[in-house]
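All remarks here apply to the structure that follows.
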Amino acid sequence: MELTGKQKRYLRSEAHHIDAIFQIGKSGINQNMITQIDETLEKRELIKIHILQNNLDDKKELAEALSTATNSHLVQLIGSMIILYRESEENKQIELP
C-alpha cells in the first residue's frame with residue numbers, strides 16, 4: 001500500500017510534535033540500528049530519525065535504505081530529519097484519513 005498525499009500530510013502534522021528517537025552518525029546505519037528502529041516502529045508507528053552533520057552519506061539514500069530495511073513508508077525527508085511510518089500489527093494507534 002502506498003500512502004496518498006492526504007495521508008502523508010496528516011502524518012507530517014502528527015510527527016511535528018514528536019522528538020527524534022534515533023540519530024545517524026558518521027558510522028552510518030548498521031543491522032543493530034535497523035532492528036531497534038523496526039521494534040520502535042511496531043510500538044509507535046511514526047518516528048523521527050535525525051541525521052547528524054558528521055554523516056557524509058547521501059540523505060536520500062539513507063532514508064530509502066532505512067525505509068526498505070524496516071518495510072516502512074518514508075513520509076518525509078526534510079533537512080536532516082527522516083520521518084518513517086509503518087502500521088503496527090498489535091498496537092494500532094494512528095488512524096489514517
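In case it helps, UniProt numbering puts the sequence shown at residues 1 to 97. We treat Cβ as the ideally placed atom computed from N, Cα and C, and that holds for glycine.
C-alpha distance - residue i paired with residue j, whole-angstrom precision
i, j, result
"Ile37", "Leu77", "16 Å"
"Ile94", "Ile34", "22 Å"
"Val75", "Thr68", "13 Å"
"Ala20", "Asn55", "16 Å"
"Arg9", "Pro97", "10 Å"
"Lys92", "Lys6", "19 Å"
"residue 112", "His16", "Because the chain spans 1 through 97 in this model, residue 112 falls outside it and cannot be assessed."
"Lys59", "Glu2", "21 Å"
"Glu89", "Gln31", "22 Å"
"Glu4", "Lys43", "For clarity, residue 4 is Thr in the given sequence; the question names Glu instead. Spanning the two alpha carbons is a distance of roughly 23 Å."
8 Å contact criterion, which residue i and residue j should meet: CB distance rounded
i, j, result
"Arg12", "Glu45", "That belief does not hold up - the Cβ atoms of Arg12 and Glu45 are roughly 14 Å apart, past 8 Å."
"Ser80", "Ile51", "4 Å"
"Ile24", "Ile49", "6 Å"
Own chain residues within Cβ distance below 8 Å of residue i, not counting five before or after
i, result
"Leu62", "Ile24, Gly28, Ile29, Ile51, Asn55, Ile82"
Cut-off 7 Å between Cβ atoms - residues of its own chain near residue i, not counting five sequence neighbours on either side
i, result
"Gln53", "none"
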